Every structure is written in structure tokens, then in C-alpha cells.
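These protein sequences, in sequence, are chains F, C and A.
Using the numbering used here, the first residue of the first sequence is number 1, and each one after it goes up by one.
Using the numbering used here, the first residue of the second sequence is number 580, and each one after it goes up by one.
Using the numbering used here, the first residue of the third sequence is number 970, and each one after it goes up by one.
From the three backbone atoms N, C-alpha and C, an ideal C-beta is built for every residue, glycine too.
Please read all numbers here as calculations on a predicted model, not as lab measurements.
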Amino acid sequence: MQMQAVKTERNQQGQAGDVVLKVENLSLDFRLRTEILHAVRDVNFELRRGQTLCLVGESGSGKSVTARALLRILDRNGSIASGSILLAGKNGDIDIAPLTERSPELLKIRGGRIGLIFQEPMSSLSPVHTIGSQIIEALLLHRRMNKQQARAETIELLRQVEIPNPDKMIDRYTFEFSGGMRQRAMIAMALAADPEILIADEPTTALDVTTQAEILDLIKRLQVSRGMAMLLITHDMGVVAEVADAVAVMHYGRIVEAGSTDEIFHNPKHAYTKRLLGSTVKLEQNPRASTRATALPADRKPVLSVRNLNKIYGASTSWVGGNDFAVKAVDDISLDLYPGENLGIVGESGSGKTTLGRLILRTVEPTSGQVTYFGQGEPVDVTGLSKRQLKNFHRDVRLVFQDPFASLNPRMTVKEVIGDPLIVSGKVRGAALEKRVGELLELVGLDPMVMERYPHAFSGGQRQRIGIARALALDPKIIIADEATAALDVSIRAQILDLLLDIQKRLDLSFIFISHDISVVRYFCDRVAVLHRGKLVEMGSAEQICTDPQQPYTKSLISAVPHPDPRHKRMMHRTRFTA
Amino acid sequence: MLEHTFIDEAPEAGPAVSALKAGKPVQTAVAGPWQLMWAKFSRNKVALVAGVIILMLFLVGIFAEFLAPALPETARPQFTNAPPQELRLFTTDAEGNRHFQLHVTGYTMTVDQASLRRSYAIDDSQVVPVGFFVRGAPYKLWGQFPSDIHLIGPLSPNDTMYLMGTDKLGRDLFSRLIHGTRISMSIGLIGVTISLLLGVVLGSISGFYGGWVDLVVQRVIEVISSMPTIPLWLGLAAAIPLTWSPLTVYFVITLIVSLFGWTGLAREVRGRFFALRSEDFVTAARLDGSSERRLIFRHILPSLTSHILAVVTLALPTMIVAETALSFLGIGLKAPVVSWGVLLQDAQNVRTIANAPWLLIWPSAAVVLTVLAYNFLGDGLRDAADPYES
Amino acid sequence: MLNYVIKRLIYMIPTLFGMSLIAFMIIQLPPGDYVTSMLATMADSGQNVDPEQLEALRRSYGFDDPIWLQYWKWITGILFRGDFGYSFEWNRPVADLIWERMGSTLALSLASLLFVWAVSLPIGIYSAMRRHSVGDYGFTLLGFIGLAIPNFIMALTLMYFSYRYFGQSVGGLFSPEYVEAPWSWGKFVDLLAHLWIPIIVIGTNGTAALIRILRANLTDELSKPYVITAKAKGLPEYRAVVKYPVRIALNPFVSAIGWVLPELISGVTITAIVLNLPTAGPLLLRALISQDMYLAGSFILLMGVLTLVGMLISDILLALLDPRIRFN
């Protein structure tokens, strides 16, 4: 990557490395209905010109509210309990903490001296105003410009964030932009007033991995060229390793460890940091690669085979001027799943990976193609099954969902949730049912005593275990896991993956593991199929796909994955793919 | 560069909180959905009070004969448009001593010779003793059990007690209002039941079959809900033959009112039904092998019932107001049936109201209180309907 | 955009058809027909009727045709000749009677709609921004009471108070001396003096409902990330709120035409009956009671069409207001 030297019109006062913002003993309280949550306690850190501090932590660690407190945009029930936020200025420091909500100083700082970009690129821009008008507004607020100048400057900003045809795109609405483009527009807006500090709150979490790499590149480049200080909030150690100069690890509202990136990654001191790094780094290898022959015996028979599967959406024309514009969600895909194998299906959003899973289960009807299941006895043509026969197929092939909250009926106890398939199949009832549910709970690492509880009493990871127990209830042969770990924090994610591997060892199971997360697939799968825009791009062993991809798309995908090691940044040797 | 620091303490198990209120922690882990809903609902004190009021109104309706001091149709021509009598606690005897004696004061009537209009003035010297559980006019409770005990009334059956005044025929408004409660409250309940049946049946047929059935039902809903309701009600109610019995008219009016009240319910049911159908946990149940019926009754309906309850509660006042309006205009219920709307018929024009404002005030107050209570209750129920949202 | 409007217009056709069926059903509903009831009236007053003459009347009105043919004649008469049938009570074509009354109904509904908007917008914004403040609770309570008082009760109450304390007669739209007078400043002032009661009466329910909707919507919008973006940009709070979330919360405001308008027309009907205003309401009631069904049916049909047109307008406004709808 070449470093572009973009000149900015503002003179850089001061030296790189000067402290521009100093947070001292910051504590934040949130008033809840029955209690006060001390979301952040005694937090200290500094932001330095031209450098990036990463605030790392899992959900609920208080990292986001810390960032928002710097701009005083906490929710109504939140308040700064103590501490100071000192912003360095020519005439001495300004303490942001005691400023009133409406004070002109605060309004000048917001957007003017501190810019903010955050996670939801879909909803963080107004849907009923054009991109241009929202950026122009920021310019008019903080820089002395008339409307024409502001418009010209906005086009220039859009050009800087690499939005093509900026003079046209300026008049477009946000819903005409892709997620990555919106985030670029958001960055342009945050940088409009040429702030000294940029706060980026999970700026790439909602984006695909290749888009994430591009946005991170862009932010880093702009930061360096403008000499801004940056506070990056993330849960992803890979991202940290790519962009951070210094790291602060947050855990339950406190910074438990802080230091230079290299120190944190290679000499972590706090137990939590070690655990966090451990579960991240662990996902970098495949634990089964060594124990299992990678070469497949030629005479192995698949347990499930997919042939020329197609799904076309929107092909039918409606009578009132409907569009006959068809989308091939799944385009002529063929693959086999072998007994005891973990097959990964990888792709970015819109690649058709979820649709493929649903087609195999026939919760979505395929347009054409064949799915054959080789269970006990005769091979079964799944695409030709009647509704009744499909039920038998669904006993053998089960689904684990992505969202641990939506996939469990909140009005049923754990026993009822897990027992439901058993009751429906008519196999067990009464005391035997209770016993079986207890066994299943133990199998997924939960105490059988909890079976009378309702799902809302459990954490995300525990709920996912309950979902897995439900999938296992009918002694299935194949489990399709659709982004089963995507909603979980990294440490929980590793636990769930280990649980699945452990269960697989005990029961004779095959997995189809659908994921956007390369590292998870690498950890869990034997073979990987890479999907791109509905097509199967490449298929091979997990190790081969991750270390030696053949196709240009796979190469770009793999090279975009951030590597959780600051000494080996992926960004340095990334390949781009243009379709 | 930043120096390497860390806090060398045992990692914590959870976020730090300090309790605001000392209270017993709710055992939510094993609390069922209805328990959680009740916990959420009972935090809303206004809704709770509204619920109690509704309950009391139903009790009034149920025990109307017993609660009313007089029969609704008993007319005393010598007391037409008499103003309300105040209920007092103490009497003063000749020596000036105060005694506890529940009573109302009598009237003195004067007749204006020019207009031949009677006017009444409260006369403190006439004491009409009043008591509880007194014997009065005989009645049959629910048309079945003969009795003559009234909760409250003048000790002597020949005396009068008009707590809310009388109408132009000299009938006791208070007793008529209590009897009207029975009709008005029940018309809402029956109406909403019919609406609910129509709404749920058509809503689920529409949701279940989809396709052109859904299309037709949706069109019908659209047509009905875009017609202004009052002209429609008028149009249909006006077609009721005058010869029909009061009971038939009562049921037909209820039917007319509910015929146009079901669309909102059907829309709500269908919308929620569709939303729930695509929930992950319903898909999961389908993959578990549940039949369509089990899917609906075991997984979808339990999540739906609390919402339906709230919508029904919010639909009830519309029914009551509809009946009141129709009866007020003279094409709904008619005498001898007594409903709040029928009572309001007597308050048709300014002159009558100016002469006897109580004819407007009390029935209106009953309607407004009921509607208000239903709205507050319905709001509370709706807020508590989903105990799992944050 | 043009496509969108055409699509909406096409969608209106089945709804219109359904409405015409309902109106026709109401026309047909009363037992017997006008000739029969005329016979009854004449018999009551002791007149003798020639049965043959009656038969001729029946035939000329088509009362003996099959029901679908009667509908066909009726609806084509309206569509192609503007012929709504004949008012037997007034002995004039229905078309002569309805337009003026429908005009005043429309005018009163629109005035009430403006009232609803003008009152609910500021209160809705205030309530959402200062949630759980004293003012918010006050407005919420007022809103609940406003929703709970039926139109006609409020009309009666205001009428009573106005009579009692201002000595003003509140029936009609004009004082007696201006009814027949040509338009003048005095007449206009007199109209306004009469208009405020019906407008408040008709508008209160809708206002209360709209405040609640606006408050709920705006509260949702206020917690959306784009509001934080606007604040982080350095916009003062009220500007951030007015420019972004209010703009989006306006959607239900515009689409409110769709459901407020039927309510308003309903409200105009009953309020006009109570206050004796020269709109469609009193005439409709009278027509219904005397079973002058073509007149009654035409009113009901036209009121339905009016709300439908209102919905079309609200759909078009919505598309203008929200690019997301326009572009889909």
C-alpha cells in the first residue's frame, strides 16, 4: 500500500505525539429502573496527535459510552459521575465534562474539533436528506463558507473518501448507497470540519470483511495525512492489531490493561487480556488438521449431495408495471457433504450462503436442481419430498440459528423448547422426556436443573447452547449451523465452537457451517466452499483456502482478514478484487 | 509512548451496580409470561385503577336492580325535571343538636303561572331519612329472583330520593343510569366479542390461505375502514323496522356496531400473525416437525393473546360510544330499553339542557368515565403485552 | 412518480366498487320501497290510491327489475350522467340536493384537519422532547380526556356553556340576520364566531390521537443513530430534532389524512346534527328516517369517495415527502 501524501489546508500546529485529549478518572453512571449501573469507572487515557488508541472490550464493557461521553452525547439516563475530559487548546485546556448541554463551546467541539463515526452505516445518516445536504450542513456549521463553497468542498471530501462520481453522488439519498459507501460518506462528514480528533466507534463491524479492510485503510490513511488523533473502539483484536498504536482493554467498565500494541499482544499481563487474546489467536488454527487426514479416501460416499441448485428471486412479472428483474441468489451450486465432515460455506453478505442452507432444508423452495440425502436405506431426493416426508428428513438434518434471542420462544421453558421436537415426534413423554432433556442439557454443558427456567434468564452463549440441545434432540445426522456464532462475543464464540467439536466427536455428526467469518471457518471446518454472488467460486480444504487460495476473489477475501498480530499486518500485502 | 499499565485484581463477574430501591428481587428466571406481564402491568398504577373502575362498572351492571333505589320506569308526574337532591349525613333537631341521620332534603314546588312551568327549590326543613338495605319497589333480580331490598333508598317507600334529579316524566335519573350501565357495558362486550370472532376468523383465514383469499379480505377491510363510520351506522340502523322487539333491536344494533369494528382487529391479528410466522422460533418449530395446527396453537397464539387482549380493550369504548351516538340520534335503542344513549336522548337541545343540566351531565359523565377507564386499561395492557422487549 | 400515482389510482377502483356496493345495499335495505311507503302514508291520510298508477310508478323506477340490473342502472346513472336518483321526499333529483351540502361538509372537514395539524404538531414535538415532564403529563392527560369525550357530548356541552355564559345561540353557521345576507366582513366574523365550536368538537378526537402517534413516533426516531450523528456534528438540540426526526415523524402526520379524514367526516355528520349545521349530516339523518333512500345512499357513497380521495392525496404527499417511497 502506498502512502498518499494528501495535503490539508489547515496548518498542522504542534508535533505528532502531543497529547490532544486527556481523560482523567472518568466515571459514568446510568440510572436504570431499580438500580444505578456504573458503566464506566475511573477511566484514564490520552489521545496523541497522529496516533491511534484502540479501546477494546466485549459487549457491555463500557467502551462505546466512554467514546460518546467525550462528545457528551450520552442517553438521557446517563451522566458523568466524576472525572474530567481535557481537550488541549491554544489558550489552555478545556474540560468537556462540566460543560452544559447547550453551551456554544460544546457545540463548537462537536464535529468541529472532535469528529465521530459509528457502527450502523444503515441508520446513522438521515434517510430523507441527500448525502450532500448532510455534509454541507456540517461545513456551514463549523467553517466560514457560503453554500457554493460548501458544496464544492463536499464534492472534494467525497473524492477524498474515494466515492466515485462525487459530483453526482452528492445529490443521492443514503438508501441508494451500499453499506461501505455510506460509511465513507459518514467519514467525509466527520472530517468535514477538519477535526483534530476522530472517534470511530466500531466503524467496520457491520461491514463485510473486504469492505472492512478498505474502510480501515481509508481511515488510517486520512488520519495519518491529516495528523489526527484517533480513538478506535472495537471488539475485534484483528482490527486492533492492524491499526492501533496503543491499546486499552476494557472489562466491566474499567480499563484493566493499557499499553503499546506490541506490548499488549506479545506481553499481556492481565488475565482478561490473556483470555481475550487467547480465544482470538486460537481461532487462527484448525485443531483438527493434525489429528485427521486431510486427504480424503477416494471411495468415501457422501451423506448429502447438492447438484446444480438454483434459486432465482423476482422472476415472475406482476401485472402492474412490476420489474421483471431477476436475482440469482443461488446460481448452479453443486457440492457434497461426507459423513463426519465439517463443511464450511463462506461468503460475504449477498453471496447466497444463507439461501443455500435454506434450500437444502427446503424452507425456501429451489427454482431448480437436486438435493439428495443418503441416510439409512435408500437415497432420498429431498427436492421431491412431500410435506409429510420432509418431516422425516428434518429429523435427520437440523438447523442451528444465528440469533440466540429470536430462535427460542420466550414463552416456553427450556424444557418445553428442547422437548418440543421430542413431543412432536411422539417418541418420549412424561418422565422419560424430562430425563432426555436433562441429558441433552448436560451434553451442551448446562445444568439440568435449569430446565424449568425461561430463555430470558440466560445469556446469549447459554441460549445458543439451548438451541444446540434442541437441534440434537432427535439424534440428527447433519447439522446446518447458520452463522451460529456470529452474534456472540469472541470468548464465547470459541467455547461454542469447542462444544460443537466435542459433540461431534461423541455423536456421529456432519456439519454444514455457514459463516462470514474466515477465522471461525478455519478453526471449525475440514473443507470450505467459497461463495460469491450466488456462485461457488472455490472449494478446497480449510487450510488450503486460508493459506493458499487459488481464485482471485478468494485471494482478496482471505487477504482482507485482519490478523491478530501487530508484527504481521495483513494490510501490508492485501490483494484487491474487482468484479 | 504509552507505558504499560494494568490493574492487578481478580477479574469481576459482572458490571458494577448499586441498588436504587430496596425491594425484593423478582424471581424472573422461572416466572412465566403471564406473571411477567402482571408484574409489568401492575407497575402502571393508572391502568390498575382504571381496571378496578371497569370491574366496578360491570358489577353495577350485574346488580343493577339491587343497586338502583327505584325502578327505572317508575314515573312520578308531580316531580318532573326535579333537580338532584343532596345526600346529607347530619340532621339538626329542634334543640339545635346534631344527629347522625343519612337523609336528603325535600322540595318545595312553585308553578310559574305565566308559562305553567314548575320549578323546584331545595327545602331544608323537609327531611327524608335514607338508609341502606331498605325495602322498596319489588323487582326480580335478572328477571328470576324476586326481592324488594335496595342497597340505598328512602326509609319510607312513599318518599322520594333523586340523587341525580329526574327527567321530564319524573323518573329517577340515578336508577335509570344504573340500569343503563347494564345495557351500555354489555353492548360493548357483546359487540367486541362478535368483532373479535369476525376479526380473528377472517384475519387468520386471510393469513392462512394467503393468495386471492387474502387479497379479497384485505380489500373488504380497506373498503370498510375507509368509509366514515357514523353515516354507515346511521344507514344500517335506520333500516331496522320499528316493529321489532327491543331485544332484537339490541342485538341488531350490536351486530351493526361490530360489523364495522372488526377491521382493526383483523388487521392487527393478521399483521402480528405474519410477523410471528417469520420469527426464527416459529421456523425452528416447523423444522422440529410441528404441524401447521400445532404451530399456530402452541407457538403463535400464545404470543398473540396478550396483544389481542389489549386491542380488544382499546376497541371496546368505540362500541360503547357507537351505541350511545345511535341511540342519542333516535335510531338506536329505544324506550323502554334504558342505555346511556337513550338517557342522552332527553338532552337533545339547549333549552332542555339549560332547564335540567343533570340530564346531560350524569349520562355523559358515565360515558366519558367508561371510555377513559377502558383507554387507560388498554394502554396499560398494551405496554405489558410483550414482557420480553427491553 | 407518475407511475406511482397511476398505480394508486388503479388500486382505488376495487375499493370504489366495494363502497358503491355498500351504498347500494343501504339503499335496498329498508323493507318495501318508496312506493309502498307512499301507499302507507296516503292510506293513513285516508286517500285512495289507484293500484294501476302505483304499478306504473314501480315500473318507471325499476323496482321490479332483478337486483343486479337495478345496481347497474344506478351506478351507470351516476358514472355517466351524474344522476344519483330521485329524492321522493323533496321531489327533486338527488343531484340537486347533495352538492351544496357535500361542499360544506368538505369545507368543515378540511378546516378541522387544519386545526388538528396545527394543534398536534407543536404539542407532539414538545411532549416527545420533554418526555415525563409536567407539561408532557398535562398534555397526555388532556389527550386522554379529549379521546374519551364523544363528539356529540362535547358539542352539547359547549353548546350549553356558550348559551349559559355567552348567551350566544350556537346552532347553524350564521346568526339569523346573516343567513340570507350577501358576503360581508360582518358575515365572515359571524361565521368565525359560529365555526369555532364545531371545529373544536370535530377536531379534538383526531388531535388527541395524532399527538399520541406523533409523540410515540418521535420518541422512536429520537433514539435513532442519525440523531446522534446530527448532534455529534455540532447541531444544537432543537435544530437537530426539527431537521431530522421531526421530518421523518411527519410521515404518520401526512398519512393521518387517510384515517383522520373518515373520522372527521363521521364527526362532521354527528356534530352537524347536534349543532344543526347546513352540512350533509342533518339531511342524511332526515333522509334515513323518512326512508328517502337514494338521497341517503348518495350521501354515504360520496362521503366514502371523499375519504378515498383524501387517502390518495395523503399517499401522494407521502411520496413527495419521503424519497424512500418515491424511489420504490
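### Message
To the nearest angstrom, how far is the alpha carbon of F:P166 from that of A:V1085?
### Response
In the first sequence, the residue the question calls residue 166 of chain F occupies position 166. In the third sequence, the residue the question calls residue 1085 of chain A occupies position 116. Using only the alpha carbons, I get a separation of about 43 Å.
### Query
Are the C-beta atoms of A:D1105 and some chain F residue less than 8 Å apart?
By one-based count along the third sequence, residue 1105 of chain A stands at place 136. False, the Cβ-Cβ gap to chain F never drops below 8 Å.
### Query
chain F beta carbons: is any one of them nearer than 8 Å to that of C:H729?
Along the second sequence, read from residue 1 onward, the residue named residue 729 of chain C stands at position 150. Closer than 8 Å: no.
### Task
Using 10 angstroms around the beta-carbon of F:D324, count the other beta-carbons present and answer buried if the total reaches 16, otherwise exposed.
The residue you call residue 324 of chain F lines up with position 324 of the first sequence. Low local confidence applies: a pLDDT of 48 at F:D324 is under 50, so the model's placement there is unreliable, and no value is given.
### Message
Going by the DSSP bridge assignment, what does F:S541 pair with across the sheet?
### Response
Position 541 of the first sequence holds residue 541 of chain F. Paired residue(s): F:R527.
### Task
Name, going along the chain, the residues of the stretch 1193–1211 of chain A whose beta-carbon falls closer than 8 Å to a beta-carbon of chain F.
K1193, P1194, Y1195, I1197, T1198, A1199, K1200, A1201, K1202, G1203, L1204, P1205, E1206
### Message
Just to make sure I have the definition right: I need the residues of chain A whose C-beta is within less than 8 Å of the C-beta of C:M806. Which are they?
### Response
Within the second sequence, residue 806 of chain C is the residue found at index 227, counting from 1. Per Cβ cutoff of 8 Å: M988, I991, P1231, I1269, M1272, G1273, T1276.
### Query
For a contact meaning CB atoms closer than 8 Å, what does A:R1133 contact in chain C?
In the third sequence, counting from the first residue as 1, residue 1133 of chain A sits at position 164. The contact set of A:R1133 on chain C, defined by CB atoms closer than 8 Å, consists of A933 in chain order.
#### Entry: Listed by chain order, chain A residues near F:S124 by CB distance under 7 Å
For the purposes of this step, residue 124 of chain F is taken as the residue at position 124 of the first sequence. Chain A residues near F:S124: P1194, Y1195, T1198.
### Task
Answer with yes or no whether the minimum CB distance from F:E153 to chain A is below 8 Å.
The residue labelled residue 153 of chain F in the question sits at position 153 within the first sequence. It does not: the Cβ of F:E153 has no partner Cβ on chain A nearer than 8 Å.
### Task
Would you kindly work out how many angstroms separate the C-alpha atoms of C:F637 and C:R761, rounded to a whole number?
Along the second sequence, read from residue 1 onward, the residue named residue 637 of chain C stands at position 58. Along the second sequence, read from residue 1 onward, the residue named residue 761 of chain C stands at position 182. Going by the C-alpha atoms only, they are around 7 Å apart.
### Query
Hey, is C:L951's beta-carbon within less than 8 Å of any beta-carbon in chain A?
Here residue 951 of chain C is taken as the residue at index 372 of the second sequence, counted from 1. By this cut-off, C:L951 is an interface position.
### Message
Does any residue of chain A have a CB that is nearer than 8 Å to the CB of C:I633?
### Response
Residue mapping note: residue 633 of chain C aligns to position 54 of the second sequence, counting from 1. No, because no Cβ of chain A sits closer than 8 Å to the Cβ of C:I633.
#### Entry: Nearest neighbour of C:S735, chosen from C:E665, C:W791, C:F712 [CA to CA]
Residue numbering aside, residue 735 of chain C sits at position 156 when the second sequence is read from its first letter. Checking every option, the nearest Cα to that of C:S735 belongs to C:F712.
### Message
Run through chain F and tell me which residues come within less than 7 Å of A:P1292, C-beta to C-beta.
### Response
Walking along the third sequence from the start, residue 1292 of chain A turns up at place 323. The contacting residues are V128, Y173.
### Query
Closest Cβ-Cβ distance between C:L834 and chain D: below 8 Å?
Any reference to chain D falls outside this structure, whose protein chains are F, C and A.
### Task
Have a look at A:L1142, A:I1122, A:L1191 and flag the residue whose alpha-carbon is nearest the alpha-carbon of A:R1216.
Here residue 1216 of chain A refers to the residue found at position 247 when the third sequence is read from its first residue. It is A:L1191.
### Task
Flag F:S425 as yes if its beta-carbon sits less than 8 Å from any beta-carbon of chain C, otherwise no.
Along the first sequence, one-based indexing puts residue 425 of chain F at 425. Yes, F:S425 lies at the interface with chain C (some Cβ there is under 8 Å from its Cβ).
#### Entry: Near-chain C residues of the stretch 242–257 of chain F (beta-carbon distance less than 7 Å), N- to C-terminal order
Cβ contacts with chain C: A246, H251, Y252, G253, R254, V256, E257.
### Query
What is the DSSP secondary structure of C:A964, counted as helix, strand or coil?
For the purposes of this step, residue 964 of chain C is identified with residue 385 of the second sequence, where counting begins at 1. DSSP places C:A964 in coil when its eight states are reduced to three.
### Query
Just curious, the beta strand (DSSP E) that C:H682 is in, first and last residue?
Taking the second sequence and counting its residues from 1, one reaches residue 682 of chain C at position 103. From DSSP, the beta strand (DSSP E) with C:H682 extends over 677–691.
### Message
Run through chain A and tell me which residues come within less than 9 Å of C:I910, C-beta to C-beta.
### Response
Stepping through the second sequence from its first residue, residue 910 of chain C is reached at position 331. Taking a Cβ-Cβ cut-off of 9 Å, the neighbours of C:I910 in chain A comprise L1254, L1257, I1258, given in sequence order.
#### Entry: Contact list for the stretch 852–865 of chain C against chain F, Cβ threshold 9 Å
Contact residues of the stretch 852–865 of chain C toward chain F are E858, D859, F860, V861, T862, A863, A864, R865 (C-beta to C-beta distance below 9 Å).
### Query
Mapping DSSP to helix, strand and coil, what is F:T485?
Counted from its first residue, the first sequence places residue 485 of chain F at position 485. Looking at F:T485 - three-state DSSP - the assignment turns out to be coil, as it is neither helix nor strand.
### Query
Can you find a C-beta in chain C that's less than 8 Å from the C-beta of A:T1248?
Position 279 of the third sequence holds residue 1248 of chain A. Chain C, which has no Cβ nearer than 8 Å to the Cβ of A:T1248, makes this no.
### Task
Taking only beta-carbon positions, decide if A:Y1040 is within less than 8 Å of chain C.
Walking along the third sequence from the start, residue 1040 of chain A turns up at place 71. It does not: the Cβ of A:Y1040 has no partner Cβ on chain C nearer than 8 Å.
### Query
By Cβ distance, which residues of its chain are closer than 8 Å to C:H886, with the 5 residues on each side in sequence left out?
Walking along the second sequence from the start, residue 886 of chain C turns up at place 307. Excluding sequence neighbours, C:H886 sits near E847, R851, R961, A964, D965.
### Spatial distance of C:V690 from C:K747 (CA atoms)
Translated into positions along the second sequence, residue 690 of chain C becomes position 111. Translated into positions along the second sequence, residue 747 of chain C becomes position 168. The alpha-carbon atoms of C:V690 and C:K747 are separated by roughly 15 Å.
#### Entry: Cβ shell of C:S906 (< 6 Å), same chain only, five flanking positions each side left out
For the purposes of this step, residue 906 of chain C is taken as residue 327 along the second sequence, with counting starting at 1. L912, S918, G920, V921.
### Query
Do you know how far the Cα of C:Q657 is from the Cα of C:Y686?
Residue numbering aside, residue 686 of chain C sits at position 107 when the second sequence is read from its first letter. Residue numbering aside, residue 657 of chain C sits at position 78 when the second sequence is read from its first letter. Answer to the nearest angstrom: the Cα atoms are 11 Å apart.
### Query
What are the complete beta strand (DSSP E) segments, minimum 3 residues, inside the stretch 603–674 of chain C?
666–671
### Query
So, is the C-beta of F:G259 closer than 8 Å to a C-beta in chain C?
Walking along the first sequence from the start, residue 259 of chain F turns up at place 259. Closer than 8 Å to some Cβ of chain C, the Cβ of F:G259 qualifies, so yes.
### Message
Below 8 Å on the Cβ atoms is my contact criterion, and I expect C:G814 with A:L1257 to pass it. Report the Cβ-Cβ distance as a whole number of Å.
### Response
Residue 814 of chain C sits at position 235 when you count from the first residue of the second sequence. Residue 1257 of chain A sits at position 288 when you count from the first residue of the third sequence. About 6 Å separates the beta carbons of C:G814 and A:L1257, which is inside the 8 Å limit, making them a contact pair.
### Query
Any Cβ of chain F within less than 8 Å of the Cβ of A:I1217?
Here the question's residue 1217 of chain A lines up with position 248 in the third sequence. Taking Cβ atoms only, chain F reaches closer than 8 Å to A:I1217, which makes this a yes.
### Message
Using a Cβ-Cβ cutoff of less than 8 Å, which residues in the same chain neighbour F:T413 once the five nearest sequence positions on both sides are dropped?
### Response
Position 413 of the first sequence, counted from the start, is the residue given in the question as residue 413 of chain F. The residues are M451, E452, R453, Y454.
### Partner residues on chain F for A:Y1129, Cβ-Cβ distance less than 9 Å
Along the third sequence, read from residue 1 onward, the residue named residue 1129 of chain A stands at position 160. Near A:Y1129 there are no residues of chain F at all, since even the closest Cβ is about 44 Å away, more than 9 Å.
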